[in-house]
Structures are given as structure tokens and as C-alpha cells.
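Peer 1: Take the sequence shown: its position 102, counting from 1, is numbered 103 in the working numbering, and each next residue is one higher.
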Amino acid sequence: MNTIAQIFVGLAGAFHLAVFVMESLLFTKPSTYRRFLVPNETEAAIARPWAFNQGFYNLFLALGAIGGLIAGGEKGHAIALFACACTAGAGLVLVASNRKMVRSAVLQAGPPIIALVLAAVL
């Protein structure tokens with residue numbers, strides 16, 4: 002995998018690490034749960050178990066992207082690109098399910114899509 006694609010894989014991994022922190026560790030803060038369109042503390046308490054679990058999905062995807070880069074070689078890069086394909090798909094599902102989340106979907110899907118394209122053409 003070329004260096005430019007690796008940078009975008011790293012960005013995708015870093016983004017998903019940040020989302021893990023927000024969903025699994027900081028979700029009870031109003032500034033955090035409002036980013037996920039949760040309007041108040043009552044609804045945040047209801048969504049908390051879901052957010053905690055979802056955060057770990059993001060952690061595992063981030064570890065796949067970053068771990069694949071660290072492992073290197075064909076197998077490591079395949080793992081990293083698979084993680085990117087998963088995160089890109091999740092971003093597309095996010096915007097398809099809620100158009101208000103388009104900014105978050107672009108942040109989530111943009112870097113991995115760029116990484117996949119660059120890995121394929123360069």
C-alpha cells in the first residue's frame with residue numbers, strides 16, 4: 002500500500018478512536034450526547050448502553066485499521082483496507098438512515114474511501 006493511502010487509513014483509525022472515546026467514555030456529557038442528536042439527559046441515559054456498545058465497534062474498527070498498518074505487508078494492509086471498507090460502509094449507512102448526520106458521515110466515510118481508492122489506483 003502506498004504512503005498516501007496509509008495516511009488516510011491512519012486518519013480513519015484516529016477518527017474511530019475518537020468516536021470510541023465519545024461513545025463509550027464521555028457519552029453522559031451534554032456536549033457529547035448532543036453531537037449524536039440526543040436532546041437531553043433522560044434520553045442520553047436511555048441511549049447510554051447502546052452508545053457504550055457502539056463505541057467498542059468503533060474501537061475494533063480503529064484497531065483493525067491501525068493494527069493493519071503496524072503489521073504491514075500484504076496481510077496487514079489487507080486487514081487495514083478491510084477495516085476501511087467497513088467504516089466507509091458504516092458512514093454510508095449513517096447518512097442513509099439520517100440526513101442530519103451528513104457531516105458525521107463524511108467525517109466517518111471520507112478518509113477510508115480515499116484510502117481505498119488510493120490503494121487501488123497507486
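Even glycine gets a Cβ: it sits at the ideal position worked out from N, Cα and C.
Could you tell me whether any non-hydrogen atom of the ligand ATP is closer than 6 Å to the CB of residue 24?
Peer 2: The model on display carries no ligand, and the ligand ATP is accordingly not part of it.
Peer 1: Quick check on this structure: which residue in 5, 76, 62 has the alpha carbon closest to the alpha carbon of residue 91?
Peer 2: For the purposes of this step, residue 91 is taken as the residue at position 90 of the sequence shown. Closest option to residue 91, Cα to Cα, is 62.
Peer 1: Rounded to whole angstroms, what's the CA-CA distance from residue 67 to residue 44? Just pull it up for me.
Peer 2: Numbered from 1 along the sequence shown, position 66 holds the residue referred to as residue 67. Numbered from 1 along the sequence shown, position 43 holds the residue referred to as residue 44. For residue 67 and residue 44, the gap between their C-alpha atoms comes out near 33 Å.
Peer 1: Rank 9, 111, 82 by C-alpha distance to the C-alpha of residue 96 and give the top, closest one.
Peer 2: Mapped onto the sequence shown, residue 96 falls at position 95. Nearest neighbour of residue 96 by Cα position, chosen from 9, 111, 82, turns out to be 111.
Peer 1: To the nearest angstrom, report how far apart residue 30 and residue 53 are at their CA atoms.
Peer 2: Along the sequence shown, one-based indexing puts residue 30 at 29. Along the sequence shown, one-based indexing puts residue 53 at 52. Straight-line Cα distance between these residues: approximately 13 Å.
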